[in-house]
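A.B. asks: The sequence shown begins at 185 in the numbering used here and counts up one residue at a time. A virtual CB, placed ideally from N, CA and C, is assigned to each residue, including glycine. Computed from a prediction, not measured in an experiment: that's the story for all the values here. Mind looking over this structure? Questions follow.
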Amino acid sequence: MNEQWRAVCRLDDIEPETGVGVRLPGRRQAALFRTRDDRLFALDNHDPFSHANVLARGLLGSLQGRRVVASPIYKQHFCLDTGQCLEDEGVRLSVYPVRVSQGQVELRVEPSP
Numbered sequence: 185m186n187e188q189w190r191a192v193c194r195l196d197d198i199e200p201e202t203g204v205g206v207r208l209p210g211r212r213q214a215a216l217f218r219t220r221d222d223r224l225f226a227l228d229n230h231d232p233f234s235h236a237n238v239l240a241r242g243l244l245g246s247l248q249g250r251r252v253v254a255s256p257i258y259k260q261h262f263c264l265d266t267g268q269c270l271e272d273e274g275v276r277l278s279v280y281p282v283r284v285s286q287g288q289v290e291l292r293v294e295p296s297p
């Protein structure tokens with residue numbers, strides 16, 4: 185798989201305990217989250233239950249010992265580390281590696297075809 189790092193925003197653009205939606209190659213979107221302790225997580229922004237790109241607007245928290253985001257529509261919880269839905273083990277979102285380079289947040293993604 186040919187992956188590349190892509191700058192998506194500045195770290196200062198994300199307030200702690202919030203998320204932002206970012207565009208990826210191929211009309212995809214990621215939900216990028218910054219926790220209170222400045223950890224960054226990125227997963228698909230597309231909520232598979234409501235079929236809307238809304239997960240970046242979800243609430244961060246913890247459930248069953250895992251860091252999660254709760255979908256703002258139907259409230260399913262997705263693990264920030266794995267993308268696994270806690271209410272439906274058959275549903276898992278893609279997770280993207282995240283890094284910060286010179287104040288820019290970068291995601292590792294597959295290039296668009």
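Roughly how many whole angstroms lie between the Cα atoms of residue 257 and residue 271?
C.D. replies: About 14 Å.
A.B. asks: How far does the beta strand (DSSP E) with residue 246 in it reach, from first residue to last?
C.D. replies: 243 to 247 is the span of the beta strand (DSSP E), which, as asked, contains residue 246.
A.B. asks: So residue 283 and residue 264 are in contact, right, with Cβ under 8 Å, and what is the actual spacing, rounded?
C.D. replies: Going by Cβ atoms, the distance from residue 283 to residue 264 rounds to 16 Å, so no, they are not a contact pair.
A.B. asks: When the Cα atoms are used, what is the spatial distance from residue 288 to residue 192?
C.D. replies: Those two C-alpha atoms are separated by around 7 Å.
A.B. asks: Please classify residue 261 as buried or exposed, where buried requires at least 16 neighbouring CB atoms within 10 angstroms.
C.D. replies: Buried, because 16 or more other Cβ atoms sit within 10 Å of the Cβ of residue 261.
A.B. asks: Near residue 190, what residues of its chain come up, given a Cβ to Cβ distance below 7 Å and the 5 sequence neighbours on each side ignored?
C.D. replies: Correct list, in chain order: 290, 291 and 293.
A.B. asks: Among the candidates 201, 246, 219 and 195, whose CA atom is the shortest distance from the CA of residue 269?
C.D. replies: Per the Cα distances, 246.
A.B. asks: Taking 6 Å as the limit between beta carbons, can you name the residues of its chain near residue 208, skipping five residues before and five after?
C.D. replies: Only 214 and 293 meet the Cβ criterion.
A.B. asks: Report all residues from its chain with a CB closer than 6 Å to the CB of residue 274; omit the five preceding and five following residues, and keep chain order.
C.D. replies: Result list for residue 274: empty, nothing under 6 Å.
A.B. asks: So the candidates are 222, 241 and 233; which of them puts its Cα closest to the Cα of residue 206?
C.D. replies: The candidate whose alpha carbon is nearest that of residue 206 is 241.
A.B. asks: The beta strand (DSSP E) spanning residue 218 covers which residue range?
C.D. replies: 213 to 218 is the extent of the beta strand (DSSP E) around residue 218.
A.B. asks: For the candidate residues 210, 212, 217 and 194, whose alpha-carbon lies nearest to that of residue 202?
C.D. replies: With distances taken between Cα atoms, residue 202 lies closest to 217.
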